Structures are given as C-alpha cells and as structure tokens.
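There are 6 protein chains.
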Amino acid sequence: MSTYFDPPITAVRRAVTVALEEDLNPLGDLTAALLDPEATTEARIDCREAGRLAGSLCATEAFVQIDPRIEVEWLRHDGDELSPGDDVAYVRGRLAPILTAERTALNFLGHLSGIATLTAAYVTAARRGGDAHVWDTRKTTPGLRSLEKAAVRAGGGRNHRGNLSDWMLLKDNHITGIGISEAVARCLDLWPARTVHVECDRLDQMVEAIEAGATAVLLDNMTPAEVRACVEVADELAGAGRPCLLEVSGGVTLDTIGEYAGTGVHQISTGKITNSAPVLDLGLDIGSPVG
Amino acid sequence: MSTYFDPPITAVRRAVTVALEEDLNPLGDLTAALLDPEATTEARIDCREAGRLAGSLCATEAFVQIDPRIEVEWLRHDGDELSPGDDVAYVRGRLAPILTAERTALNFLGHLSGIATLTAAYVTAARRGGDAHVWDTRKTTPGLRSLEKAAVRAGGGRNHRGNLSDWMLLKDNHITGIGISEAVARCLDLWPARTVHVECDRLDQMVEAIEAGATAVLLDNMTPAEVRACVEVADELAGAGRPCLLEVSGGVTLDTIGEYAGTGVHQISTGKITNSAPVLDLGLDIGSPVG
Amino acid sequence: MSTYFDPPITAVRRAVTVALEEDLNPLGDLTAALLDPEATTEARIDCREAGRLAGSLCATEAFVQIDPRIEVEWLRHDGDELSPGDDVAYVRGRLAPILTAERTALNFLGHLSGIATLTAAYVTAARRGGDAHVWDTRKTTPGLRSLEKAAVRAGGGRNHRGNLSDWMLLKDNHITGIGISEAVARCLDLWPARTVHVECDRLDQMVEAIEAGATAVLLDNMTPAEVRACVEVADELAGAGRPCLLEVSGGVTLDTIGEYAGTGVHQISTGKITNSAPVLDLGLDIGSPVG
Amino acid sequence: MSTYFDPPITAVRRAVTVALEEDLNPLGDLTAALLDPEATTEARIDCREAGRLAGSLCATEAFVQIDPRIEVEWLRHDGDELSPGDDVAYVRGRLAPILTAERTALNFLGHLSGIATLTAAYVTAARRGGDAHVWDTRKTTPGLRSLEKAAVRAGGGRNHRGNLSDWMLLKDNHITGIGISEAVARCLDLWPARTVHVECDRLDQMVEAIEAGATAVLLDNMTPAEVRACVEVADELAGAGRPCLLEVSGGVTLDTIGEYAGTGVHQISTGKITNSAPVLDLGLDIGSPVG
Amino acid sequence: MSTYFDPPITAVRRAVTVALEEDLNPLGDLTAALLDPEATTEARIDCREAGRLAGSLCATEAFVQIDPRIEVEWLRHDGDELSPGDDVAYVRGRLAPILTAERTALNFLGHLSGIATLTAAYVTAARRGGDAHVWDTRKTTPGLRSLEKAAVRAGGGRNHRGNLSDWMLLKDNHITGIGISEAVARCLDLWPARTVHVECDRLDQMVEAIEAGATAVLLDNMTPAEVRACVEVADELAGAGRPCLLEVSGGVTLDTIGEYAGTGVHQISTGKITNSAPVLDLGLDIGSPVG
Amino acid sequence: MSTYFDPPITAVRRAVTVALEEDLNPLGDLTAALLDPEATTEARIDCREAGRLAGSLCATEAFVQIDPRIEVEWLRHDGDELSPGDDVAYVRGRLAPILTAERTALNFLGHLSGIATLTAAYVTAARRGGDAHVWDTRKTTPGLRSLEKAAVRAGGGRNHRGNLSDWMLLKDNHITGIGISEAVARCLDLWPARTVHVECDRLDQMVEAIEAGATAVLLDNMTPAEVRACVEVADELAGAGRPCLLEVSGGVTLDTIGEYAGTGVHQISTGKITNSAPVLDLGLDIGSPVG
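Those protein sequence lines, which keep their order, are chains B, S, Y, P, H and E. When the letters of the first sequence are read in order and numbered with this note's numbering, they come out as residues 2 to 292. When the letters of the second sequence are read in order and numbered with this note's numbering, they come out as residues 2 to 292. When the letters of the third sequence are read in order and numbered with this note's numbering, they come out as residues 2 to 292. When the letters of the fourth sequence are read in order and numbered with this note's numbering, they come out as residues 2 to 292. When the letters of the fifth sequence are read in order and numbered with this note's numbering, they come out as residues 2 to 292. When the letters of the sixth sequence are read in order and numbered with this note's numbering, they come out as residues 2 to 292.
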C-alpha cells in the first residue's frame, strides 16, 4: 500500500493564492502586453535530473487560478521516480497566462520534488542498513508544513508529528523537576490515546522512560554503537512486555543513516529532508504558440 | 553603505501568523499542561556553525505573537557573520510560551540564515574572480519571497526582480514573431522608466539587444569563454555609447562563479541561493527555569 | 410568502473554508491512504429525529470545496419540516473526499438545523397564544451570525438586529443622564430611517419612550401580567396616534412563550434559539462503494 | 495536575476579529454617538447560574481589540466552578468601547462556559459510576474547534482527536473489502506513533481489532450490558498482553453515562457536550460612568 | 450633538494592512537603505486647502503598523474644518518608517477628508434652501464602505443604508407583478422593525406607497417642482396620520441641492459625495532629522 | 501596440470578495425574499455619459461570485471609448442574484471607468501640446492600487512606480546630508537594474542629478517656463552622452498639461487621475423577468 496521500486541497489553494499574489502585485505580468492574448500553446513540464515527483496539485492550482481554462495533464504522479528528460505533464491553454503562472508552478514543483527526492535518498540509504523508517520533523519551511509533509510521503518517508497539537515529545524542560517517570505518567493520564515520546541522551533515561510506559523514545545525538546498546536493552524490555518504538535523531546523514538503520531502531528522523533539500530541476518547455 | 534593509514588517507579521497557526492548531501545545505556567527563564539563541544571520525580525515576531511580554535582545544583527558557538540573542519571559514559539522562531531563523549564508559564500567566491554582484532570482520558496529577498541582502547579494511586476525580462516566447529589436523597442516605449532585460543564448542576440537599447542582457547557459567573448563585444558597444549590464545565469556553482566573475560581467544570478540553501544550524538553549 | 432566504454565499464560502481547514490541517485525512482513490459512491443524508432543515448551502459547499466533482442533490430544502427517517439529500462522487468532508458538512447541517428546529418549536408554541413573531437576538455563536440568522428564518422566526450597525436599541447606559425622551429624540434626528428601540423595565418608561416617538419598546424581564398591562396602555397610545411595536424579552421559555404571545405583544425575542439549540441529528449513510 | 491549558492565542485572535467584524460592519455601533466618548467605567462580569468558566482569553481579546486601553481583571479562571452571583471579572476603561465589545465578549464567554459546564456535568455523572474519562468528538461548531476543545478541558473532559489529521479511527467504509485485521495492520505500519482506533458494533469485531493490535476500540451504540461483556473479554485479552483502550460512544446521556462508566470502559465520548450545550448565563453590569 | 462617530477599528486595521502591503511588497521601501535607521524626526501633517478632516484613525494606524513606536498627536479631529496652512497633526519617531508609511497615511487622509469636504459643501448648500439632511448612498469605493460612511458623518452628512442587509428599498423589479401596496405589506410583515423605502417616479406611486405604510419614499429624478408637488400631498397624508419620510435622489448637484432642500423634503441623497469627491490636499512636512 | 493589460486576476478576486461582503453581511439582500428565486432575466449594462471603459473583470467577478451561473457578455472592452447610450454588456441569469450583485459590479465599473476617463482626458490634452506620456502616481485609493493602475492603462496613461518596492525616487530627505551625487551613486550601486529618479526643485539640482547618472528627474512644481529651461539644458547633456528622462509633477491640470507637454518633457504625472476622478455613470437596465 502506498504511503502517499495528497495534502489538504484547502492548504494547496491558500498557498498558491499567496504565491501568485507575491509574484504579481501590484501591476501584474508586465510582459503580458507583448503577447497576443488569444495565442494558445501546449507546454510540457519536464524533468532535468533524476528525482521524485511531488507538488503536482500545487502546480495545477497555480495555472488554474490564473486561468481556469488551462488544462494540465499529468503523465507522472506524486511519488513517481523521474529520470532526466522525462515528460511530467502537458499544460494546454492560452500562452500568456501559462507564462504568467510558470514560475510559481515550478517553484512549488521544484521545492516539493526536491524534498521528495532527498527523502527518497534517505529512505534508500536507510534500507541498505535495515528496516527503519525515515521520519520528517517539525523543521519545515514556515507556511508550507502541509505541503512539505506530503512531499515527504511522496519520497517514501513517514510523517512524524504534524505539529505541537499532535502528540507529546518530552524534552529536558518538561522533565526538569518532576522526572521522566512522573512526566510520562501525567501524559498517559491526560492523553491516553496519544503516544508519549521521550527524548533521551542516555541509556538509563531510556530505561526509565520505557518502564514508565513511553510509547517511543528519541535517542538524541548518540553514536551507532550507543544506539545499538539501547536497542539491545529495549529488546529485552519488549520481551518483558514493555514494547517501545525507538527513534534516532541528530547527526544523521546520507552516509550514516544506513549504519543507524542497522542498529535495529524503528525510526530515524532528520530535519534535513525538509529544511535543506535542494530544488529538483524541472522546467516548462513552451511549444510553438498557435493563433 | 550596507546593502541590507529589513523586509516589510507587514510581510513578517503575516508569515509568522501563518507559521504559528500551522504548528498549533487545533489543540495547541499539548505539553503546556506539564509546565508551571508562571515559571520564567532566560533562553539563548546560539549558532552552531559558521554562517550569516538573517530572519531576526521573524524570530522576534514569533515569540511576541505567542506572548507579548517576551523580550528578545539581539546581540548580533541580520547581515552579521556568525561563528560556531556565538550567542545571537537572549529570549526572556515565561518558559511555556518560549517553548511553544521555539520551533517556529528557529525555522524562520535557520531557513533565512541558511539563505544568507549560501549567498555570502557565492559573494565571496565571486569576489575571488572579479567585481560581479550576486543576484537572486524569482526562484524563491512560495509565500516567502519578501523574507528570502531580504536574506539575500543580508548575505551581501543584490535583489534581481522582486516579481513579474518589477521590470521586463524578455525570453524566447516574448520575442518569437517580432524579433528582439522590435520587442525591446515596444518595452522602452511602454515602460520608459523600467529597465528592459533580454535573455540571450548567443552573441549575435546580445548585439541585437544592446543595439536595440536593452538595459541588461542575460547571457544564458554560456561557458566562461563564451561570456568573455560577449563581454569584449559589449565593452566595445559601451565605448560606442551603448552601455548595457551583462548578467550571467545558468550553470553557476560555487566552483564556477569565480571564473564567471572574472569575465567582467556585472551580475551573476542563481536560484540556488534561495531554493537550495541548506538550513543554518541555530538553536535555543533554555536556562534554568525560575519560579 | 416565505420568510426564508439564503445567507450570503460569501459568508457560506468563508465559513466552510475555515471549518475544513480546522479539520484537516496539517496532514489531511490520515485514513485516506486506506481507500481506493477512484472508488465512487452514492451517499444519503438522512434525518434521525423530527426537525426543520437549515444549512444545506453550507453542506454542499463543504463537499464541493473538497472535490468540485461531487454532486449534491437536495430532496428537502431549508425551512422544510423533517421526520425521522427522511431522506434529505444524495451525495454522489468519489468515496474518499466524501468521507473527508462528511463531518464538516454534518456539523453545519446539524447545528443550523438545530437552530431552525428550536426556532420552529418556539414559533409553534407562540402561535398557541397569539400572533407574536419570534425574534432572534445578537446572542449568536461567534463567527456564524449570518448562517444562524438564516437558520432562524428557516425555522419561521424573524431576524432582530443583524448587528450593532443595524438600528438603535437604547439601554440603561445610553439613557443615564439624558433620559429616555432626549435619547430617543437624538436618535430620531440622527438616524431618521432607522427604528429606535428602547429597553424598558417599567410601564412608565414605556410610556415615556412611546411618547418620545420610539418605534419599538423592549419589555424586559416582565411577567405576562405586567406585559399585558403595558399592552393595554400601548394600545391606547396607538389609538391616540402613537403606534409602537412591543417586544418581550427575558425569561421566555417554550412553556411561557404562549402566555406571553397571548398578551398581544408583537415580538418575543430569545437568545436561546441561537445560543442554546441542541444539534439536530442528521447522518450520512454511505452506499456500497463502486469501482 | 490540571487537564486545562489555553487554546492557541492565534486561534483566539482570529476568532475574535471575525466576531467583532460581524457585529460592527459596516457602520459600527450606532449608539456610540449618544455616549460621552471620554466617560469611563468599571464593569463587572458576573455569573447568573451555576457553571464552569471557559473563554476568558476570548472575552479579554474582544475588549482589547476594540480598545487596547481597556483592562480586564479576572477573579476566576477557566476551569473554575461558578455559583450564581459570583463576580468573574472587572472590566475597566472607557464606557463606549466596553459597550461595543460587550455582546461579543459575552457570546464567547457564554458559549464556551456552556460547553465547560455541560462537560463538567457529564464528568460528574460519569464519576458516580466509575473512572471513565469523558471525551469530546469532532462534532464541534464550525470555526470554533480550538476554542471548544479548550472549553471541554476546562470542564474536566479530555480531548479526543483534534481533527482528521490526528489519528486513525477506522469505520465501516475503511474496513470494507480488506477486513479489520488488515486495515489495522496497514495503519500500524503507516503511522506507528499514532494510535489506531476501530469502531465496532459487535464483540467479535472488538476481538479482531484487539488481536490485530488496535490501540483503542470504539464500542458503538451498545447497551451497558453489551459493553460490560466487551470489557470482560478485553480484560482477558489485556491480561494476555493485548491491552486496549475501550471507548463507548452513542446513546450516552447524563442519565446513562454513570451506568456506562460502571462497565469499566476507559473513555465515554459524546458530541453533545460541544454541539448541544446551552449557553451559561453570564452578564456584564456596568457601573456608574465617570467623567 | 455631533453626528460623527468613528468607523469600526477592525475595519480601520484591515484596510490599513491591505494598503501597506500593496505599497511595500515584495521588497519593501527601496530607499530605506539610504537613511540612517536611527535618525528621528518630528513631522507635521498640514492642510493645503480648505476642507473638512476625516480619516485620522487610518493615518495613525498606518504609521503605527509600520513602527509601533511612532507617536501621532492630532491637533484637529475628524469633522473639524480646516483652512489652508493649518497644522493637523505631529508625527514623531524614526525618520525611515515615517517616510515608508507617509504615502499610505496621506492616501487615506486625503481620500476620506475629500469625502468629508464634499459632503460638507453639499450640507452647506442644502441648508441654504431648507432643513433637508444630506444622505450618502451605497455608491462607495469597493472595500472602503465603513471608512467612507464615517467620512460622510465627519462632513455633517447622514448615513443612508449601510448595505443590502440594512433595510428594504423597493425598486421597479421588486414591485413588478405584485404592485407597491402588496410589496410594502409583505416587507412590513417580514421586517416590522426595519423601515421600508419605495423608489417612486410619479406622485401616484408615492401616494400608493404612503398609503401602504412605507416609512420613506425616494423621489427619483424629479424636478424641484415635481418634488414640491409631492411634498404637498405627503404633508396632507401626514396630517391624516400617514407620516412618511421623503427623500430626493437623482440629478442633485451643488447648484441644485438648495432648491431641492427648499421643497421641504427630509433627505437628499447623492452618490457623488462618496464616488466623485476629489482628494483634499494634505501633506507631510518632515522636520530636520535628528541623530 | 496597446498599453493595456489586465490587472492580476488574484487582485480582482480578492477585491470583489471584500466588496460583496461589505454590501451583504450580516443578513444578505433583504429584498431577496420578495423575488421569485427562479425568475431569470437579461440585463444590460449601458453607459450614460461619454467615457472610457475599465473594470470589466471586476464586474464579471462580482456577478459570478454571487452566482456562478450568471453569464456576462461584454460588447465593449477595457480601454474602449464609450458614448452616452452605448450598450456595454449583457448580464444573463437569475434575476435575484443579478440584483444582489448589481451595485457592487457598478461601483467597480464606475470608479475604474471614471479613472480611465479622466486619464484619457489628460492624455488627449497632453497630446495637444507634445508627446509627453501621462503617468499615474502612488496617490491611489487604499486597497485598489492594482485595479486603478490598470484603469490608468485603459485610459491610455502609463504606470509610474507600482509601489515603494519598484524603483527609487529620491526626495529631500534622502539627499539631506549626503547630497544628490552621492545618493544617486549609492542607488546605482545598490540597484543597478532599477532606474533612479531624483526630485528636483531647481535647474542646478537637475544638472547634478543628471551628471550623477540619474535615469529620470522629476521637476517638481515648476512653471512651464522653468521646465522649458530645464529641457534645454537636459537636451545638451543628452547630446553629451547623459540621457535622462524628464518628468513634470505638481500643478498639472487639464488646462496646463498641454503647455507642459509642449516643453518637451517625457512624462507628466498627476495624482488627480487616480485620487480625484469622478465616477463614470454606468447603469444596469433589467429586462422583463422571465418565469
């Protein structure tokens, strides 16, 4: 079963409106006056480097908000792998509005496909070491959380917390004064149907968290060896009826993720896939205008 | 004189509101119930790798929108160089709202400082070759145009067109059928106080554009040698009373920008500084809570 | 002639967008990935208790904002009486978006039909005693004023002031210092084409208000006997060329409204129909998915 | 530890702005011209029936958005029990803006306190029977989800899913074709750190769900006796290492909740506390204006 | 008593935010980089022609939204008459943000004062002929209804309907088929506390409207002589217990309004005061920057 | 080639939504209940005085936002000259929503056509004297910048700066302390592809600006004779390789613009065309309703 599903269409609409406004206000597309307003074209979105597609809903929305009569036909879909030279979509309609919307559509497509592509790279690298899933974080570009989390899904990654309202991740400051056991107990009492995660720097903290009933433990900035030691202890606790998800976070790179995955942890999270993904190079080739 | 000036405060406010809403709705910060609501702290924003600061207005706004009584004191300012370990700001106020706003503040700060940092790297690399300015493009993250263009300024770069309403950049599709000379002439007539830029793939196109009176020519995807040939011809035309800005675009990397700058062009533009900048690693260290 | 007319479509659109966003952000409908995205269905909105329909525009809008290809066919219309088991509408289209929009559509429909239903109960009870109309108030749910006032119309009630900009209702604080006569005179001078209402606790205040030219008097928190005494005096004043609308407000329940209506007043207003109406139980039955 | 924490301040601000606009546009408060603009007052918010306070942030925000110089001092706090006649807050400032904001402030306060009050009644009734928590649902008033969920917390209830993005609740349509076991397995794989809930109509479904690893089972529309039978079987499964939360939903009233709580289930959810709560009667008493 | 009161502050805030955004996005005030960011000044808003002040709230809001530390001290107030050379306000704070907000502040001030000034001219001209009030219309600039209606009040005019939700104005299309009497009767039944206005082209229509109980009659495009004939008949009907407001509309100019006022009508309405008022010339004089 | 092109459709949509909301909230069009909701009509927009059309996109949008099934067929287009009695458009659909949207559609059409008409008058008057273009300014109605600048284009005028982000216009305050030469040099360095304009009161300032490399000089509040003297000097400087645009601003009226144009300047700007244009009288004639 695919892990991909589209972002909320309401988020797509709002983000596209804002993006078009920032590219057009106050005067609009100044070069529009040079073009025959009735000339039509068939343009082609193509991919210029290997990657993974995401953001097609946003690109369609950008063209259609500028001119509802533009038609976009997608040959490839979010989550598909792309090779250099691949045709991704056809855009048919009047030339002038297609040119006006082009950059906005490509900005969404390139940014979100870039995230999907980097995510897919992490997923592939992790699979070389083990079965751990790649998790995103809340380290997303402000205003684009919904879209970027969908792009992570398109890349084969999984979504960690959507936001602060999702579940609890206890860090130092939440634990200071009351201790891990008490903090976890309070959370389980307050929010029994949400999972409680605890950020741990040391094995003894992990043990305390698991014994307190934490659903997941985030092993923060540990070496693979330290993680492996934690996994062994956690496996014993699981065998004793205390199952717990283990997440690795901090210091994860494309080079190291395989080794971390090999430790047997369940999830490896990294902000890099959303906040440091280079754009994927997609372009729009305009056909000869007609009429 | 500094090239830096702040983005519009209205853009800062709107972007921060959207970002906080996406991190908090619908329930808010679930862990808030674990904290003493009256405990206060002094937190410190510090930098964990070398870079360039940008986004301080956004970070302050994130804290203050959550709690107007939080005070943020900046030790460093947008455009300043940062070294690993540098203290960047103090954040003083109640612990709970500081934790709630932390990630949003850091997402802005890291993203925008990442852009400033990469821009500064391109600027430095370009200066090794010559005097060309580094220009951004319209290849920005949707919804963050104003903020990212300010981050480019913080990195020592210059801003190309703000958007489609700014000036004319004539590409293939605007020229097809009427030719460069006619297209430039129409633009100069329509918009005499705006500059007219022409994208050229070949030297003869550049010559036609300059003779038609273009303010700037974008030399697209040329090798340094091709650019150098264009510069020589353009210098002659300038000497003959036809001055024109020369911009290089396409295929510019940190490795090649110095060579391009050495050709004598005036501007080198790259979308990478805005759409492919990795985040700059900044963090928030919470002091011991008080009370 | 029907007293019903639809709320502004602009208000419908805005309220539905907000409601969908709060139900979907940031990740969207998580269960969407379990469904065949191409499966279609015909769903049926039915009523599970006796009541009065309102909110159909909002329900349609919720489905269509999620997927413009969903078709909603209404068998019953706003203002219609409903019996348990009645089919109210058919919803045809793809299963996944229908499920995503279901709760938002039903929340509008149930809330607004609840208001229409309670209003209709008050209208019926009032008619047992006399001809008084049932009026709503400004005691509406924040953000839903337009929609709730339309639901009151669907229930056979009439709309009192839409908001503070509509007409003047003089209360204690407006009268203190200048007296009823002077306050009414000023209002009539300032806003000759708007009606002036005066809230009165005692018969002598009513007399002063009517003699000053008030269009309507709100008899506040009086017993039916006190109201009846006021009606008699007001009838005399009307006979002497001083007509005035009499409104009863305060302490009105389903049990007492008939007696109040029997006093001969013209309007009986109650905030309960908008701020205390229980939801009407409407549901969506999904047919067997196709394809 | 209190289960209460405030709704996001961003949600408070946005809801209040919308509410003020709907009460004031286009002309504003027409009676404002009758008042001395410089007269000040101290007003008092008091409670006129027993209940539970919620919505104080919204009420403060309503006054302050109209006039930032108004000061609101709360004597009681969200979550506090109120008795008839209790003073709840003082509102100090200019009389005219206090009157302008009064109804909006009270609409929030009455609506949200009504929800807190009804929630508290369900909580109290449930406690008579057992330890089950009272859970809200997604059956909230459109546009007020964040605020109503906070009001439920103020009433001692717990928050179920915030929205569709929170966790999975599998219903008939998600299960059709693949069966409970497969559906749960897919969810656990896709979203390991989120809980998976399954709606069940029969004991055998519950057993399948628990054995498949569901975190929670929603027992839908069962009698207390049926629920009790489910609890017994679930207890056995828990003893065998298959713990699962049991939630009762459907047909829950103030009269029956105690009996359901007595069955030993963990949560009892009802939409009534948010979609059918009558307003709590709170009022604003204006003191003598000064100056 | 003054007829003036401020527009809703919520409308002021929203309009100013939109106006600043359209003047600043995407890059902000480009000349800002030329100024010493810490230099302060005291600027003076002065009036360069005779007129009437309106819009001071908007001007203050424009400065304060750009920089909350700017202080604006108004020497004159909305509704005050201004002479050429009059000082209207002092604006104190940092020079750069004052210059950034200057044009937006002046655009509001000039536009709204222009409306107040033209309104005052019509009021003065009308008073030469009689006691008729000058009424505005719904012919306002899109998006500025609230502010322009307040400006009319500042000019001594009165506000007609705020919008379509305010009261009924029956025109040809509402009457076709059912006739004036029936249409008025329906309105009075539906909306007893709102006034019913009827647009009439002929005296016999006016008589029918008055006898049907219309609150006001709009005499459309009549000559002063025709109006006078209507007034005489209406006076007789008023004497017979059928009072009715008479409004003249259509063909009203500064030259003719006195004659219309002399006919004895109660209101004279004209769209010109809101949709054709030239700007009032107000400027900002910057003092010598300090520091 | 036409100088006209449409404003951004995103600006059209947003402005129309705001305008409809201000005319309809909270209750909607009260007279709607008098009309047969199914009756249809063909209405005609006609022009009642000579002028120039602008705003057709806004008018269409107003009708379509109220009812997407309304069809608007334009016989004339933005930029066309209109004579009294000209049919401008047909509006076909249901009568009730056409009446509801009528005033909003006409307010846009009248306001924007008024601007186009006054602009055309200035353009015609200027052409009598010379070849100077008529330029608008930033003195536009708050919130309508995009639409008014398009209306200026429809009137044959040219657009000056769209906003503060467009290019630099140096005034006294930017020059104080550093002098014209230095200020221009800084601008040229900072923003090489934007034009630098300098506001000058005297010939010697103009000379300094031109010699410093300014792209354009704004001759502020000069007499035609003074302007002519500047043109002569500027022509000499142009002949010496220092071309510069000359703009006249201040004191320009329909009577004087021809004389200013005769001086040989390139642009003449005036705020009057946007901030003081009387409405163009356009109306909607409803045909006989059908059905």
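For each residue, glycine too, the CB sits at the ideal point set by N, CA and C. These figures come from a predicted structure and were not determined experimentally.
- Secondary structure at residue 50(B): coil, using DSSP grouped into helix, strand and coil.
- Scanning chain B for C-beta atoms nearer than 9 Å to the C-beta of residue 108(H) yields nothing, as the closest lies near 13 Å away.
- Identification of residues in the stretch 22–34 of chain B having a C-beta nearer than 7 Å to some C-beta of chain E yields 22, 25, 26, 27, 28, 29, 33 and 34, given in sequence order.
- Taking 7 Å as the cut-off between beta carbons, none of the residues of the stretch 253–269 of chain H comes near chain S.
- With contacts defined as CB atoms closer than 7 Å, residue 4(P) and residue 141(P) fail to qualify as a contacting pair.
- Below the 8 Å Cβ cutoff, chain S contributes no neighbours of residue 232(B), its closest Cβ being approximately 26 Å away.
- Under the 7 Å criterion on CB atoms, residue 163(E) is classed as interfacial with respect to chain S.
- For the stretch 150–178 of chain H, the set of residues with a beta-carbon nearer than 9 Å to any beta-carbon of chain E comprises 163, 164, 165, 166, 167, 168, 169, 170, 171, 172, 173, 174, 175, 176, 177 and 178, in chain order.
- The C-beta of residue 76(H) has fewer than 16 other C-beta atoms within 10 Å across all chains shown, which makes the residue exposed.
- Proximity of residue 12(B) to chain P, defined by a Cβ-Cβ separation below 7 Å, is not satisfied.
- Here residue 84(P) is exposed. Its C-beta has fewer than 16 other C-beta atoms within 10 Å.
- Excluding the 5 residues flanking it on each side, residue 138(B) has same chain C-beta neighbours closer than 6 Å at 161, 270 and 272, in chain order.
- Listed along chain Y, the residues sitting closer than 9 Å to residue 18(E) by beta-carbon distance are 11, 14 and 15.
- Sixteen is the threshold: when 16 or more other Cβ atoms of the shown chains lie within 10 Å of the Cβ of residue 194(P), as they do, the residue is buried.
- When the beta-carbon positions are compared, residue 220(Y) and residue 44(Y) stay at least 7 Å from each other.
- Annotation: Cβ neighbours of residue 187(Y) in chain P (cutoff 9 Å, chain order): 34 and 35.
- For residue 247(E), the pairing in a beta bridge is given by DSSP as 218(E).
- Look at residue 28(S) here: in three-state DSSP terms it is coil, with no helix or strand label.
- The three-state secondary structure of residue 223(E), taken from DSSP, is coil.
- At the C-beta level, residue 101(S) and residue 20(S) stay beyond 7 Å of one another.
- Given a length threshold of 4 residues, each whole run of the alpha helix (DSSP H) inside the stretch 87–132 of chain S is given here in chain order: 96–130.
- The three-state reading of DSSP puts residue 12(S) in helix, counting H, G and I together.
- Under DSSP, residue 165(H) takes part in no beta bridge, so it has no partner.
- Excluding five sequence positions before and after residue 238(B), the CB atoms of its chain that fall closer than 6 Å to its own CB belong to 211, given in chain order.
- Taking the C-beta atoms as reference points, residue 123(E) is found nearer than 7 Å to residue 258(E).
- Chain B places no beta carbon closer than 7 Å to that of residue 84(S), leaving this residue out of the contacts.
- If the five residues before and after residue 188(H) are omitted, its C-beta is found closer than 6 Å to the C-beta atoms of 169 and 197, all from its own chain and listed in chain order.
- A contact is defined here as three or more CB-CB pairs under 8 Å, and the stretch 173–186 of chain B meets this definition with respect to the stretch 202–217 of chain B.
- Chain-order list of chain P residues neighbouring residue 46(Y): empty, with the shortest C-beta distance near 15 Å, by a criterion of under 7 Å.
- Between residue 54(H) and residue 37(H), the gap from beta carbon to beta carbon reaches 7 Å or more.
- In the three-state reduction of the DSSP assignment, residue 284(P) falls in the strand class.
- When DSSP states are grouped into helix, strand and coil, residue 253(Y) belongs to the coil group.
- The residues 8, 12, 13, 16, 56, 59, 109 and 113, in chain order, have a CB closer than 8 Å to that of residue 148(S) in the same chain once the five nearest residues on each side in sequence are set aside.
- Here the alpha carbons of residue 227(Y) and residue 115(P) stand approximately 31 Å from one another.
- Just so you know, the alpha carbons of residue 164(B) and residue 153(B) end up roughly 15 Å apart.
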